[in-house]
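Engineer: Using our numbering, the first residue of the sequence shown is number 594, and each one after it goes up by one.
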Amino acid sequence: YKNNYNSCSRLPSNSSAYASSTGWKCNSGYQKSGNSCIKKITIPPNAYAYGSSWKCNSGYIKIDNSCIEDDKIYLAGSGTGFAATSDGHIVTNYHVINGCTQVAVHDQGKSFITTTITQDPKSDLAILISDLKPSIIYPLSTDLYLSDEIYSAGYPFGRFRASVNVNRGIISALTGPDDDISKFQIDAGLNPGNSGGPIVDKMGNALGVAVAKLDEDYALEEYGSIPELFNFAVNSMMVIGLFRSQGIELPEKNITELSVQERSKLFN
């Protein structure tokens with residue numbers, strides 16, 4: 594308490610009374626804000642105070658504790674990934690992160706540096722983790738059925754747009770090229786940047802990971818025509834095996850079909 598004329602009034606938290614006056618001051622590491630003490634923050638250049646933290650000015654992106662000009666960030670590569678657990682384990686393709694000295698995930702305008710938990714070049718898969726705690730996850734499911742409706746979600750062409758792109762299609766074959774059972778074929782559109790994105794069923798489960806489309810030049814030379822809708826995904830059974838090899842527990846799959854509104858929220 595502090596002497597407030599003829600009464601005693603309670604000091605705000607994280608403060609102490611002046612020894613020789615009726616005022617008060619904030620403890621070390623805190624600063625006055627009206628009648629309270631808030632934690633001191635260091636605001637980097639090109640940023641502004643936002644509540645008890647800070648945000649980057651328009652045209653800048655938060656990288657660690659700095660704000661970097663958006664057009665000064667040069668990406669060695671980019672792709673899509675998705676959270677498969679509430680702890681923030683992120684699934685993507687091995688070829689998306691291969692050769693990178695540092696991999697960051699971007700979510701809601703924030704950037705998080707990741708650690709690679711495990712990777713498998715043969716199946717073209719990688720599992721990452723960061724400080725990102727996802728609000729939405731895609732449980733893994735192995736329930737693949739021919740002609741079943743699916744959705745591909747991702748960020749084609751990297752920085753082409755900030756919002757996710759969703760395409761609808763079906764499972765058109767239960768195997769990949771040369772009857773590879775580790776993959777399956779879809780007719781939902783895939784473009785550069787879609788790699789690593791989830792192939793999602795009507796319940797919101799990830800059935801696989803977008804990986805490739807049939808090379809048009811190869812098909813034209815080999816078969817004399819350009820293929821349409823020959824796109825492929827890594828079967829989620831391969832992803833589940835990779836998680837199990839690391840002793841990581843996975844959530845149960847969803848069993849209820851989502852409404853259009855629920856699906857929209859899932860992808861946003």
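Beta carbons: idealized from backbone N, C-alpha and C, even for Gly.
Express the C-alpha separation of Ala803 and Tyr667 in angstroms, rounding to a whole number.
Structural biologist: Note that Tyr667 has pLDDT 46, beneath the 50 cutoff, so the model's placement of it is unreliable and the number below is only indicative. Distance between the alpha carbons of Tyr667 and Ala803: 24 Å.
Engineer: With a Cβ-Cβ cutoff of 8 Å, do Ile706 and His682 count as a contact?
Structural biologist: Their beta carbons are not under 8 Å apart, which means Ile706 does not touch His682 by this criterion.
Engineer: Considering Cα atoms alone, identify which of Asn686, Val696 and Ser629 is closest to Leu835.
Structural biologist: Comparing Cα positions, the closest option is Asn686.
Engineer: Please confirm whether Glu850 and Pro732 have their CB atoms less than 8 Å apart.
Structural biologist: No, they are not a contact pair.
Engineer: Looking only at its chain, what residues have a beta carbon closer than 7 Å to the beta carbon of Lys858, apart from the 5 residues adjacent to it on each side?
Structural biologist: So the list is empty, once near-sequence residues are dropped.
Engineer: Mind checking Val832: buried by the 16 CB within 10 Å criterion, or exposed?
Structural biologist: So Val832 counts as buried.
Engineer: Since Gln778 contacts Ser765 with CB under 8 Å, what's their CB separation in whole angstroms?
Structural biologist: Contact holds; Cβ gap of about 5 Å.
Engineer: Can you grab the Cα-Cα spacing for the pair Ser775 / Ala781, in whole Å?
Structural biologist: Going from the Cα of Ser775 to the Cα of Ala781 covers about 18 Å.
Engineer: Closer than 8 Å by C-beta to Ala642: which residues in its own chain qualify, once you throw out the five before and the five after it? Chain order, please.
Structural biologist: These residues qualify, in order along the chain: Ile634 and Ile636.
Engineer: Tell me Glu545's beta-bridge partners as DSSP assigns them.
Structural biologist: Outside the modelled stretch of the chain, which goes from 594 to 861, sits residue 545, for which no answer is possible.
Engineer: Assign Asn627 to one of three DSSP states: helix, strand, or coil.
Structural biologist: The displayed chain sequence assigns Gly, not Asn, to residue 627. DSSP places Gly627 in coil when its eight states are reduced to three.
Engineer: Are Gly672 and Val684 touching if we call contact CB-CB under 8 Å?
Structural biologist: Going by C-beta atoms, Gly672 is not nearer than 8 Å to Val684.
Engineer: Closest to Asn770 by CA distance: which of Glu742, Asp700 and Ala805 is it?
Structural biologist: It is worth fixing the name first, because residue 770 is Pro in this sequence and not Asn. The residue with the shortest Cα to Cα distance from Pro770 is Ala805.
Engineer: Please go through the same chain and pick out, in chain order, the residues whose beta-carbon is closer than 8 Å to the beta-carbon of Ala799, but skip the five residues on each side of it.
Structural biologist: Within the same chain, Ala799 has close Cβ partners Phe675, Ala677, Val684, Tyr731, Pro732, Leu733, Ser734, Pro791, Ile792, Val793, Ser829 and Val832.
Engineer: Does the separation of the CB atoms of Tyr738 and Asn760 fall below 8 Å?
Structural biologist: No, they are not a contact pair.
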